[in-house]
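Undergrad:
Number of protein chains: 2
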Amino acid sequence: MAADLSRRGLLDVLGSVGAATLTLKAMGLLPVPIVFATAPVLPADSGRGKSVAVLGAGIAGLVSTLLLRRAGYQCTVLEARTRPGGRVWTLRSGDTIEEMDSTQKVDWESDPDLYFNAGAARLSHHHLGILGYCRELGVALEPFINDNRAALIQIDSEFSGEPQRIARLQADMRGAVAELAARSAPIDGSLDGLLRNFGALTKDMTYLGSSRAGFASPKTFPAAGTQRGKLQRPIPIGDIARVNEARILANALTFLESWNQAPTMLQPVGGMDRIVYALEKAIGGEVAYGHEVEQILRLGERAGIVSRDRRAGTIVRTEADYVVCTIPLPVLKSIRADFSPAVQHAIEQGAATYGAATKVAFAAAPRWWELDDRIYGGISWTSRDINQLWYPSHGIQSSKGILVGAYIWEDEAARRYAVLSPAGRRAAAIADGERLHPGYGAKVGASTSVAWSKVPYSLGAWAEWDFTPGARETIYPVLLPPDGPFHFAGEHMSYVTGWQEGAVQSAHYTVGQIAERVKAGR
Amino acid sequence: MAADLSRRGLLDVLGSVGAATLTLKAMGLLPVPIVFATAPVLPADSGRGKSVAVLGAGIAGLVSTLLLRRAGYQCTVLEARTRPGGRVWTLRSGDTIEEMDSTQKVDWESDPDLYFNAGAARLSHHHLGILGYCRELGVALEPFINDNRAALIQIDSEFSGEPQRIARLQADMRGAVAELAARSAPIDGSLDGLLRNFGALTKDMTYLGSSRAGFASPKTFPAAGTQRGKLQRPIPIGDIARVNEARILANALTFLESWNQAPTMLQPVGGMDRIVYALEKAIGGEVAYGHEVEQILRLGERAGIVSRDRRAGTIVRTEADYVVCTIPLPVLKSIRADFSPAVQHAIEQGAATYGAATKVAFAAAPRWWELDDRIYGGISWTSRDINQLWYPSHGIQSSKGILVGAYIWEDEAARRYAVLSPAGRRAAAIADGERLHPGYGAKVGASTSVAWSKVPYSLGAWAEWDFTPGARETIYPVLLPPDGPFHFAGEHMSYVTGWQEGAVQSAHYTVGQIAERVKAGR
């Protein structure tokens, strides 16, 4: 999931992380100690005789278990669902989606390419933790196309509502910005060459359009004979400024520059869940699936977990020296637990920061976005509720594919979609998609949707500490140290929230904490 | 090959294509008639009884033959080499590279991933001609990573010669440019939001650094616990301006914005020659390989071709109603031919515009650029002679790969490399590569190189009409109409020189010309 998109994007808009960091520094919260950039090294057998209850078999739970079991810890993994992965969830033909008030079945045809990453869907090249496990466990990776300049940006209030190619907006924006910059540039001309190159300016430092903006149609592309290519008229910068003010579209304009979204992006071949199944195999497969945690007890210095085996209907009690609790905060807040009051309060406040996020997927054949619109992978954006439309990065020029017809991470829109029935979401996503691709409704097939706010055992998309003023500085740190035997891990316990990498880094941090306690005899 | 890189890049630097077009307009050369955006539609049997000699089985020759044979033309394809593809050439274990004064054998291990696209190596998403043939002929495509923000830019004279991550230069350049632009922005503040977003500026419109610039090392990446990430200090814009002035590095800074290099880029799975072998199969495989054209004769209104069967040592005479001559101009200029004086002169002048281009490839295991440098695909740049270092887009996180250790399209540097022996090129490429990756020499294995200026039947990389003032306006048009029975096709006969797409578009144009003649009885 693309937390970075919203979070980091907003920070950039509000005044850059640089400024945020300076503010934090002024608050006395820096300098930052450097902890666990990579996996902690636990001596073999260092965990012998120690037990850990791992709550949740998502990335954080699986990675914690892998490291702990390798060091000789006895781990019990309790997972409420009947599958590993949590919000790493790949849907294929025949799969079932259960939300709190609806059940869907994926009814597109069975095909290795026809999968839908309903949750996590991409990996950054600097997500060294998760990439390391992919390498170690033999999960094949391929490029994920995050940036496609042929994809579209659409906004009802500009350009008569007509979608514009991203290349055109980008080129004309750069041209106009460079032209403005040239007026304030040093008179010695030392920046003139750079600005000309930056914005494709003329010798006299003006922008008159550029091939960078692309050509309107194949009939005006540079080709053979006398067809040299016909440039488009530059879009006025004022129009682009209005795009920038429209809901999420500021992100569309600079998305590719951000730390977590910049190329190279990657994906596992065959679906994101390849990672969790590889981890599940690596830990020996021992996960108690269908075990829903009902109580988290403090038993002296140890912990007790009361869970319910959903299929058998029985209650299971687990005792352990330590707990790695990876349960998302919106779920955890409602579980009876012997947490300290400060921790319980932090869990409740943290739960309130979670975004919603809804995705709608469509099967489609042929791949008309390639055939008709020459869009190969990447993302189109709209100011309408669907936020984004993703085109598949794999199966290029094959006969069919899965479109993510809505990836709604803007909270209000995601919640508007969440209350709709699956059929209602389909209709709404088609109505919005029509603005990007006329005739869309007739060009998409079977659909399915996932509203993360309504998925049991998730009840939200990811933590957004940086959206609630002060949350990162006052709430998050409360959950960092152990509360007696209880350690908290997951994407929410990181500075890379909404990404598998955050879950991995958090698992590393937490396992390191436990190892230190064991070493110190605490 | 990346003609666009140099050509379009230079145009941008010189004052944008926009300005160039305006200039051309002033010269009375516009407006442009629209010709053959897609393949001409030839009625079945429309070519019955007509014969065509196709000289060269590269992309232009193969595509021309495909269309002509489908319409019933009798085509004789003469190809001097023993393989199809011309400058589309994929090298694998055991292959032989013959230049005018050297012979190399590719001696890395045999493996489907270990191929080296010595010539054409990428496809743009808007190269609709070549993509159409890939679709029609079932050539599987995958993303080609052209933009990797973790890749490097190195310049001896700046940053103590230390390579810098592209993300950092890009972010700091944007920040500084936006900050400059803000000083000239309208006082009504209408552009403030856009400029803040564009450059990651603070509220008061200054750039203090940003997460967009990336973090120096995994120890300072945002992670878990209290590791929030430590920003880097912005690089002064003056330093970046000096990078912009250094040889080819201006291209490095804006490469991704250009028409032919902007994402999405694609490559055939398994090597670029998948396309030419699919075309060869589609035309029925009938190509006279090893037939070197020695004379091109005018026989009344028809044509005669005298070729030498290199293996048999015999002379072969071919008569045809028309000729599609795709022989590169540096080769064609030395062939005895009954061209008109104006055409012969244009061929000689066009030949002089060809660039050199040299590539050096290294096998390497493990993929240390991923393991040690977290570089997944993409291109690093240096002001040194190797120009670029390409990391493979396929086989991500597998055990080995082929690095293009030098892609030298800067003409002077390419010619300096061309005169070196293969061993000399290897040593020179390692010396330059050391600046990007210390210890490089010990980390690369078997190598091979191709200097296109010394490859028989090519004698150059591609036509560069736009580098020679007036060449596009005065020389290129001379070769557009047929010279009696002789039609000229190939990348050089297009506005997409250096790309397979140019060859395809030119083939479409030429086949269309022939079909019109036949229809009109000329």
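Line by line, the protein sequences give chains A and B.
If you use this note's numbering, the first sequence closes out at 522, no skipped numbers anywhere.
If you use this note's numbering, the second sequence closes out at 1522, no skipped numbers anywhere.
No residue lacks a Cβ here, since even glycine has one placed at the ideal position from N, Cα and C.
Let me check one thing: in DSSP terms, what residues is residue 1091/B bridge-paired to?
TA: In DSSP, residue 1091/B forms a bridge with 1116/B.
Undergrad: Please classify residue 1461/B as buried or exposed, where buried requires at least 16 neighbouring CB atoms within 10 angstroms.
TA: When all chains shown are included, residue 1461/B counts as buried.
Undergrad: Report the residue from 67/A, 98/A, 407/A and 80/A whose alpha carbon sits nearest the alpha carbon of residue 355/A.
TA: Comparing Cα-Cα distances from residue 355/A to each of 67/A, 98/A, 407/A and 80/A, the minimum goes to 407/A.
Undergrad: Restricting to Cα atoms, I'd like to know which of 201/A, 270/A, 39/A and 79/A is closest to residue 91/A.
TA: Among 201/A, 270/A, 39/A and 79/A, the Cα nearest to that of residue 91/A is on 270/A.
Undergrad: Going by the beta-carbon positions, is the gap between residue 390/A and residue 371/A smaller than 8 Å?
TA: No, the Cβ-Cβ distance between residue 390/A and residue 371/A is not below 8 Å.
Undergrad: Got a sec? Which residues, its chain only, sit under 6 Å from residue 209/A by beta carbon, not counting five neighbours each side?
TA: 231 and 234, listed in sequence order.
Undergrad: Give a yes or no on whether the C-beta atoms belonging to residue 1047/B and residue 1068/B are separated by under 8 Å.
TA: Yes, these two residues count as a Cβ contact at 8 Å.
Undergrad: What residues are listed by DSSP as bridge partners for residue 215/A?
TA: Beta-bridge pairing links residue 215/A to 231/A.
Undergrad: Name the two residues that bound the continuous beta strand (DSSP E) containing residue 1497/B.
TA: Looking at the DSSP string, residue 1497/B is not in any beta strand (DSSP E), and its letter there is neither H nor E.
Undergrad: So, helix, strand or coil for residue 266/A, using DSSP?
TA: Here residue 266/A sits in strand by DSSP.
Undergrad: What does the alpha-carbon distance come out to for the pair residue 499/A and residue 491/A?
TA: Cα to Cα, residue 499/A sits roughly 6 Å from residue 491/A.
Undergrad: What are the residues of the segment 1234 to 1260 of chain B that lie near chain A, defined by any Cβ-Cβ distance shorter than 7 Å?
TA: For the segment 1234 to 1260 of chain B, which is checked against every Cβ of chain A, the residues closer than 7 Å are 1237, 1238, 1240, 1241, 1244, 1245, 1250, 1253, 1254, 1257, 1258 and 1259.
Undergrad: What in chain A is Cβ-close to residue 1100/B, meaning under 7 Å?
TA: Ordered by position in chain A, no residue passes the 7 Å Cβ test against residue 1100/B, which lies about 30 Å from the chain.
Undergrad: What does DSSP give as the partner residue(s) for residue 1105/B in the beta ladder?
TA: DSSP, once it has assigned bridges, lists 1096/B as partnering residue 1105/B.
Undergrad: Are residue 166/A and residue 153/A close, meaning C-beta to C-beta below 8 Å?
TA: Result yes, Cβ atoms of residue 166/A and residue 153/A sit closer than 8 Å.
Undergrad: Under DSSP, the beta strand (DSSP E) around residue 381/A begins and ends at which residues?
TA: From DSSP, the beta strand (DSSP E) with residue 381/A extends over 378 to 382.
Undergrad: Give a yes or no on whether the minimum CB-CB distance between residue 142/A and chain B is below 8 Å.
TA: Cβ-Cβ to chain B under 8 Å: yes for residue 142/A.
Undergrad: For residue 1084/B, decide whether its Cβ has a neighbour in chain A, counting only Cβ atoms nearer than 8 Å.
TA: Not an interface residue.
Undergrad: Three or more C-beta pairs under 8 Å: does that hold for the segment 505 to 518 of chain A against the segment 47 to 66 of chain A?
TA: Flag = yes, the segment 505 to 518 of chain A and the segment 47 to 66 of chain A touch.
Undergrad: Kindly list the residues whose CB is nearer than 6 Å to the CB of residue 74/A, restricted to its own chain and excluding five residues on each side of it in sequence; keep chain order.
TA: If we look at residue 74/A and ignore the five residues flanking it on each side, its Cβ neighbours are 51.
Undergrad: According to DSSP, residue 448/A sits in a beta bridge with which residue or residues?
TA: Partner(s): 361/A.
Undergrad: Determine the DSSP secondary structure at residue 1366/B, reduced to helix, strand or coil.
TA: It is coil, neither helix nor strand.
Undergrad: Taking buried to mean at least 16 other C-beta atoms within 10 Å of its own C-beta, is residue 299/A buried or exposed?
TA: Exposed, by the Cβ-count rule.
Undergrad: What is the DSSP secondary structure of residue 1427/B, reduced to helix, strand or coil?
TA: Helix, per DSSP.
Undergrad: Helix, strand or coil for residue 198/A per DSSP?
TA: Helix.
Undergrad: Alpha carbon to alpha carbon, what distance is there between residue 1279/B and residue 1512/B?
TA: One C-alpha to the other measures close to 19 Å.
Undergrad: Can you give, in chain order, each stretch of the beta strand (DSSP E) that sits fully within the segment 50 to 75 of chain A and has at least 3 residues?
TA: Counting whole runs of 3 or more residues, the segment 50 to 75 of chain A contains the beta strand (DSSP E) stretches 51 to 55.
Undergrad: Between residue 1509/B and chain A, is the shortest Cβ-Cβ distance under 8 Å, so that the two count as touching?
TA: Yes, its Cβ sits closer than 8 Å to a Cβ of chain A.
Undergrad: Quick one: complete beta strand (DSSP E) runs, 3+ long, within the segment 1477 to 1522 of chain B?
TA: Listed in chain order, they are 1486 to 1488.
Undergrad: So that I know if they touch, is there some Cβ in chain A lying closer than 8 Å to that of residue 1222/B?
TA: For residue 1222/B, the answer is yes, since a Cβ of chain A falls inside 8 Å of its Cβ.
Undergrad: For residue 46/A, return the contacting residues in chain B, with the cut-off set at a CB-CB distance below 7 Å.
TA: Correct list: empty, because the minimum Cβ distance to chain B is about 20 Å.
Undergrad: Please work out which residues of its chain come closer than 6 Å, Cβ to Cβ, to residue 239/A, disregarding the five sequence neighbours upstream and downstream, and give them in chain order.
TA: So the qualifying residues of the chain are 158.
Undergrad: Could you give the first and the last residue of the continuous alpha helix (DSSP H) run that contains residue 184/A?
TA: Looking at the DSSP string, the run of the alpha helix (DSSP H) that includes residue 184/A is 166 to 184.
Undergrad: Got a sec: is the Cβ-Cβ distance from residue 1495/B to anything in chain E below 8 Å?
TA: As a matter of chain content, chain E is missing from the structure shown, whose protein chains are A and B.
Undergrad: State the DSSP-derived secondary structure class of residue 453/A, mapped to helix, strand or coil.
TA: In the structure shown, residue 453/A sits in a helix (DSSP, three-state: H, G or I).
Undergrad: Counting pairs of beta carbons, one from the segment 1419 to 1427 of chain B and one from the segment 1392 to 1403 of chain B, are three or more of them closer than 8 Å?
TA: No, the segment 1419 to 1427 of chain B does not touch the segment 1392 to 1403 of chain B.
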